[in-house]
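Under my numbering, the first residue of the sequence shown is numbered 1, with each subsequent residue one higher. C-beta atoms are modelled at their ideal positions from N, C-alpha and C, and glycine is treated no differently. Predicted model, so just to flag it, every value in this text is computed and none were measured.
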Amino acid sequence: MTNFPLSRSEIETISEEFETASPPEIISWAVETFHPNLVMSSSFQTHSIPLLHMVRQAHPQIRVCFLETGFHFWETLIFREKLERIWGLNIVDLRPNDTWSVFLRRFGRNLPQEDPDLCCYIRKVQPMKIALQDAQAWITGIRREQTDNRAKAKILELKKDGVLRIAPLLNWRKADLWAYIQKHDLPQHPLPLERYPSIGCKPCTRPIRPGEDDRAGRWDAKGKTECGLHTEMFDRPAITPSDVTFTKK
Ligand code: SF4
1 MTNFPLSRSE IETISEEFET ASPPEIISWA VETFHPNLVM SSSFQTHSIP LLHMVRQAHP
61 QIRVCFLETG FHFWETLIFR EKLERIWGLN IVDLRPNDTW SVFLRRFGRN LPQEDPDLCC
121 YIRKVQPMKI ALQDAQAWIT GIRREQTDNR AKAKILELKK DGVLRIAPLL NWRKADLWAY
181 IQKHDLPQHP LPLERYPSIG CKPCTRPIRP GEDDRAGRWD AKGKTECGLH TEMFDRPAIT
241 PSDVTFTKK
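See below:
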C-alpha cells in the first residue's frame, strides 16, 4: 500500500513516546492515523479480550483477523462466535492460500507433527501477510514478558513489506490483563480453567504442569516458541509448494 503517512524516524520517535502511554491512547492514535487501513489480529484467548475490548471501543468496525487454521479447539471457535455475536465484531477468517490446496490435501494432517514451521507458515504467516496487503497498520496483542523474542520488540515496528505493526500491550504484564478483565467483567475462554493459560492449535497445545511457564504447553518438545507472525519468518520472501520438499513420514 502506498502513501504511508510516517517516515522511519517519526515512527521511532513516536514508538519511544508510547513506552509511557496507555494502550487506549496508542489505539486511539492508530485509529486516527490509519483507519480504514488498519486491521488487528486476534487468537480469541482470554488474554486477547482486553485488546479486542479496547479496539472495539475506539472503533467498532475495525477488521479483526482470525487465523482459521482448521486445528482450533472447538472451545476457541465457540468463544470466537460468541464474541462476534455479542460485540458485533467485524471478524475476517483467514485461511491458507489456494496455491496450497493440493499440498494440504496430501500432507496437511501430518504437518503439525512433522514440520510445524511450515505448517505455521502456510496456515498463519502467509494468510496474515496476504490480509495485510491492503492495510497500512496492524494491531497485535504481543507482550514483552511472553517470550525472549517479544522482549526485544518495539511498540511500533515497520515491517519489510511496509506494514506498521502496533503492539499497544507490549509493556503490560499478565496481572494488568486480569485487572482489566475483572474491571470490565469481560467474557472468558473456558480452557484456562483446565490448565491451558496459552491456547493455540489443538495438536500444538497441551495443559501446563504446576510451576510451568504459561507458554510451556505450546509446541512442547518441538523446539519452537512462536508461530512466526512475530519472528524473522514474517519478513522472509513468500514460498510456494514448488519451493518445498516434504515427504510424509
Ligand atoms: S500451531 Fe500447530 S497446527 Fe497450528 S498452524 Fe502452527 S504447527 Fe500448524
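Under the three-pair Cβ rule at 8 Å, the segment 228-236 does not count as touching the segment 96-114. Taking 6 Å as the cut-off, the C-beta of Arg123 counts as close to a heavy atom of the ligand SF4. Taking a contact to require three or more Cβ pairs closer than 8 Å, the segment 136-148 and the segment 45-56 qualify as touching. DSSP places Thr13 in the helix class (H, G or I) of the three-state scheme.
Bounds of the alpha helix (DSSP H) holding Ile49 are 49-58. Ranked by Cα distance from Arg95, the first of Arg123, Pro23, Pro190 is Arg123. Relative to the ligand SF4, the beta carbon of Gly141 is positioned no closer than 6 Å to any heavy atom. Closer than 6 Å to some heavy atom of the ligand SF4: that describes the Cβ of Phe71. When only Cα atoms are considered, His59 and Glu32 end up about 10 Å apart. In this structure, Leu83 and Phe44 form a Cβ contact; the two beta carbons are roughly 7 Å apart against a cut-off of 8 Å. Between the segment 6-25 and the segment 147-155, the count of C-beta pairs closer than 8 Å reaches three or more; the two stretches touch.
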